[in-house]
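Chemist: Chains as they are written, first to last, in this note's numbering: chain A, 1 to 217; chain B, 1001 to 1240. Just so it is clear, CB atoms sit at the ideal spot from N, CA and C, and this is done for glycine as well.
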Amino acid sequence: MFETALSAADLIFLAKGAGITIVVTAISVVIGTVLGILFGVLRVQLGPILSAPLTLFLDIFRSVPLLIQLVLANSFIGMVLKLQLSGFFVACMVLSLYTSAYCAELVRGGIDAVPGITRRAARSLGMSWAQDMRYIVLPLATRVALPSWIGLALGVMKDSALVYVVQVTELLKSTQILITRLQEPLFLLLICGAFYFIISFPLARFGGYLEKRSSND
Amino acid sequence: MIEIQNVHKSFGQLEVLKGIDLVVQKGEVVTVIGGSGSGKSTLLTCINGLEPINSGKILVDGTEVHAKSTNLNKLRRKIGIVFQQWNAFPHLTVLENVTLAPRKVLGMAKAEAEAIAERQLMHVGLGDKLLAYPSRLSGGQQQRMAIARALAMAPDYMLFDEVTSALDPQLVGEVLETLKMLAEEGMTMICVTHEMAFARDVSKRVAYFHQGVMAEIGAPEQIFGDPQHPETRKFLASVR
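1) Looking at C-alpha atoms only, which residue of B:1159, B:1093, B:1165 is the closest neighbour of residue 1137 of chain B?
2) Whole-angstrom Cβ separation of residue 146 of chain A and residue 114 of chain A, contact assumed at under 8 angstroms?
3) Do residue 1024 of chain B and residue 1188 of chain B have their C-beta atoms within less than 8 angstroms of each other?
4) Excluding the 5 residues preceding and the 5 following residue 1211 of chain B in the sequence, name in chain order all residues of the same chain whose CB lies nearer than 7 angstroms to its CB.
5) Answer yes or no: do residue 50 of chain A and residue 39 of chain A have a C-beta to C-beta separation smaller than 8 angstroms?
6) Return the residue from the list B:1082, B:1010, B:1089 that minimises the CA-CA distance to residue 1051 of chain B.
7) What residues match up with residue 1205 of chain B in a beta bridge as DSSP calls it?
8) On the three-state DSSP scale, how would you describe residue 1006 of chain B?
9) Find out if the Cβ-Cβ distance for the pair residue 1206 of chain B, residue 1146 of chain B is shorter than 8 angstroms.
10) Going by CA-CA distance only, name the one from B:1034, B:1112, B:1224, B:1218 that's closest to residue 1022 of chain B.
11) So what does DSSP say about residue 1229 of chain B, is it helix, strand or coil?
12) So if DSSP puts residue 1157 of chain B in a beta bridge, which residue, or which two residues, is it bridged to?
13) Please list the terminal residues of the continuous alpha helix (DSSP H) segment that includes residue 1214 of chain B.
14) Closest by CA to residue 1069 of chain B, which one among B:1105, B:1079, B:1049?
15) Classify residue 1014 of chain B as helix, strand or coil using the three-state DSSP reduction.
16) Identify the continuous beta strand (DSSP E) that holds residue 1056 of chain B and give its terminal residues.
17) Using three-state DSSP, classify residue 1194 of chain B as helix, strand or coil.
18) Residue 1217 of chain B CB to nearest chain A CB: under 8 angstroms?
19) So with CB distances below 8 angstroms, who are the chain A contacts of residue 1050 of chain B?
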């Protein structure tokens, strides 16, 4: 028969870790998306030359492994800036910028997919640049970018497992703590995986729903 | 009145308009014909300030389009334009396509904008498509929707940039009928077109553009019956 030392209290401990994973992901995805839209619009608006510094900045966040970003940011803030920031804050900050770098690319691609003539049609009706953006370009860009954005949000959720390096005890770290104590790695990882699935599944479904709703034409 | 005075326009090294002079009176229908690359479409986008010009002047009711002090968003309210394709806002219903600018640009109440939109859509024969999305419309219906959308702003001038060129042949007629109807109602129009029969029937004057120059302008009977410029003759012979 299958036996385990896992207690109800341990499950609650894991659930708390899952809660941290959800909160870190939610904060990072929300801030990262807002920044990503801003950066994406800026990149399109400024053109390739003027936006080169921004592009370089975003490329760094996209190409350096998240683990390294977290460690470096944490050390920089602590040792160079001499600031006492919580690991949770640092984790959210780095993950937000990491998300924004990917999101900016999605936004840029989405905006580029809007035909220039459609934008001219909007402007020729007397709409301002901002009205064109608000009512025509961003809604159309969203449709193009949405499937990839859902993928990005799911990816950030899983990548958030790395924030343990800045002493944030999220789901995977909680699992590791239990593994060390109970010595039942396979069973615990299975449960941990189930938790990740339970978190991801509604998001993936929600994405499917949004996609369906936005392609109503 | 639209006054175009010695307008020059280049895209990089390529000069597409080489000193165009043209005056279009209120209530007049002018069609512009010519081969591709003759600069005729560019002229339209210069008239409503979508494209800057290099020199010369374009005045619409006395307002200089390309002057720094001109509020283009305001000026464009009285100049409607319809392009060859990609006019529709695909994420909005037909009704929303038409009500968007009256609501957001003119600040009209929703009910008022919808009443105007419905009237314009009926006018172009789309009264039964109000809640459809553009992708459910044929190309001809999309073009008529774009016309209704421009008309909902109650413009004084309408510019048509080869509005039938991207359509299947059997859909061209319905769009040209709509343009004819507008012309008969007294709308001031500049139509860039490849439809010679339409140009002959509807316009007061026909302009022939060749390589960025307005080679010839005159009444349709004269342009089609007795073209003076050798290039006009060559062009008309090639399209007949």
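Modeler: The structure says:
1) By 1-based counting over the second sequence, the position of residue 1137 of chain B is 137. Per the C-alpha coordinates, the member of B:1159, B:1093, B:1165 positioned closest to residue 1137 of chain B is B:1093.
2) Here residue 146 of chain A refers to the residue found at position 146 when the first sequence is read from its first residue. Here residue 114 of chain A refers to the residue found at position 114 when the first sequence is read from its first residue. About 14 angstroms separates the two Cβ atoms, so there is no contact after all.
3) Translated into positions along the second sequence, residue 1024 of chain B becomes position 24. Translated into positions along the second sequence, residue 1188 of chain B becomes position 188. Closer than 8 angstroms, so yes.
4) Here residue 1211 of chain B refers to the residue found at position 211 of the second sequence. Only 1038 meet the Cβ criterion.
5) Residue 50 of chain A sits at position 50 when you count from the first residue of the first sequence. Residue 39 of chain A sits at position 39 when you count from the first residue of the first sequence. Taking 8 angstroms as the cut-off, the beta carbon of residue 50 of chain A is found no closer than this to the beta carbon of residue 39 of chain A.
6) Along the second sequence, one-based indexing puts residue 1051 of chain B at 51. If we check each option's Cα against that of residue 1051 of chain B, B:1010 comes out closest.
7) The residue labelled residue 1205 of chain B in the question sits at position 205 within the second sequence. For residue 1205 of chain B, which the question treats as bridged, DSSP gives the partners B:1030.
8) The residue given as residue 1006 of chain B occupies position 6 in the second sequence. Reduced to three states, the DSSP call for residue 1006 of chain B is strand.
9) To locate residue 1206 of chain B, count along the second sequence from 1; it is residue 206. To locate residue 1146 of chain B, count along the second sequence from 1; it is residue 146. Contact: no.
10) One-based indexing of the second sequence puts residue 1022 of chain B at position 22. Of the candidates B:1034, B:1112, B:1224, B:1218, the one whose C-alpha sits nearest the C-alpha of residue 1022 of chain B is B:1218.
11) The residue labelled residue 1229 of chain B in the question sits at position 229 within the second sequence. It is coil, neither helix nor strand.
12) Within the second sequence, numbered from 1, the residue matching residue 1157 of chain B stands at position 157. Paired residue(s): B:1079, B:1188.
13) Looking up residue 1214 of chain B in the second sequence gives position 214. Unbroken run through residue 1214 of chain B is the beta strand (DSSP E), 1213-1218; no alpha helix (DSSP H).
14) Residue numbering aside, residue 1069 of chain B sits at position 69 when the second sequence is read from its first letter. Among B:1105, B:1079, B:1049, the Cα nearest to that of residue 1069 of chain B is on B:1049.
15) Translated into the one-based positions of the second sequence, residue 1014 of chain B becomes position 14. It is a strand residue.
16) Along the second sequence, read from residue 1 onward, the residue named residue 1056 of chain B stands at position 56. Here the beta strand (DSSP E) through residue 1056 of chain B covers 1055-1060.
17) As a working note, residue 1194 of chain B is residue 194 in the second sequence. Here residue 1194 of chain B sits in coil by DSSP.
18) In the second sequence, counting from the first residue as 1, residue 1217 of chain B sits at position 217. At a cut-off of 8 angstroms between beta-carbon atoms, residue 1217 of chain B makes no contact with chain A.
19) Working through the second sequence from its first residue, we reach residue 1050 of chain B at position 50. The contacting residues are 120, 123, 124.
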